[in-house]
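Heads up, the thing below is written out as structure tokens.
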Amino acid sequence: MKVRNFLFAILAGSTVAACGGAPSSGLYSVHQPVVTRTNYVLDVNVDGNGAISGREAVRAAEWMEALGLGYGDKIAIDAGDNRNGYGSKQSLAEMASRHGMLISETAPVTPGYIAPGTVRIVVSRSTAAVPSCPDWSTSTDSNFNGGNHSNHGCAMNSNLAAMVADPEDLVRGREDNRNQARDKTKAVDAYRAKAKTTGSAGGN
20 MKVRNFLFAI LAGSTVAACG GAPSSGLYSV HQPVVTRTNY VLDVNVDGNG
70 AISGREAVRA AEWMEALGLG YGDKIAIDAG DNRNGYGSKQ SLAEMASRHG
120 MLISETAPVT PGYIAPGTVR IVVSRSTAAV PSCPDWSTST DSNFNGGNHS
170 NHGCAMNSNL AAMVADPEDL VRGREDNRNQ ARDKTKAVDA YRAKAKTTGS
220 AGGN
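Numbering (my numbering), first residue to last: 20 to 223.
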């Protein structure tokens, strides 16, 4: 019990010191990017084959267009208890391909019940920002503790959060995938194959 009280006293003292605006003397800035994920959902009706068609397909396409899908967004479909989810997955894959995107194999858990005869389209989007910047709480650059200015690191980390293509890379990192170049050529090969089958002429 004494040890717990002692540790609590230390933590409380460090918290009070932090609130007092003591300058950080470490090499790393106390202002770090914060990654936030938001899930956008749309429930659509499916036909007898489980596909998204007709007005529902138009509604889903307009919804995806309004979101402005881009690199870093994740698209998935949650069929709930509906067994015939393959048709809806194929329909969503076709709509996602218009934005140059692929759908994820699994959908994140979202609140709410998925009614029978419907499927849920889930778009996950992550954003990065440094909420504590700028920090001009320190009125002078001079201190006697060898600490950093309160705004130290704000410019660099704010620019990093703004420029990173996929904010989730700041959390999970990204492995060296040497197959990316090969994957990028698939679209070119598909275009060339389509041009040959449609009888396009010209060019080598």
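Beta carbons: idealized from backbone N, C-alpha and C, even for Gly. Because the structure is a prediction, the values reported are computed rather than measured.
I need the boundaries of the alpha helix (DSSP H) containing residue 111, first residue and last residue. 105-116
Residues near residue 145 in its chain [Cβ-Cβ closer than 6 Å; skip 5 each side]: 54, 56, 186 and 187
Can you check the stretch 121-148 for any beta strand (DSSP E) of at least 3 residues that lies completely inside it and give the ranges in chain order? 137-148
Residue 47 versus residue 105: straight-line alpha-carbon distance, rounded: 48 Å
Is residue 80 close to chain B? Criterion is C-beta to C-beta, closer than 7 Å. The question asks about chain B, but that chain is absent: this structure has only one protein chain.
Straight-line Cα distance separating residue 150 from residue 95: 29 Å
Sort 45, 116, 163 and 127 by Cα distance to residue 84 and report the nearest one. 116
When you compare the stretch 153-170 with the stretch 113-133, are there three or more beta-carbon pairs, one atom per stretch, that lie closer than 8 Å? no
Mapping DSSP to helix, strand and coil, what is residue 61? strand
Mapping DSSP to helix, strand and coil, what is residue 209? helix
Among 171, 162, 191 and 113, which one has its Cα closest to the Cα of residue 80? 113
How about residue 64 and residue 75: do their beta carbons lie closer than 7 Å? yes
Helix, strand or coil: which one does DSSP assign to residue 157? coil
Please report the residue range of the alpha helix (DSSP H) in which residue 188 lies. 188-191
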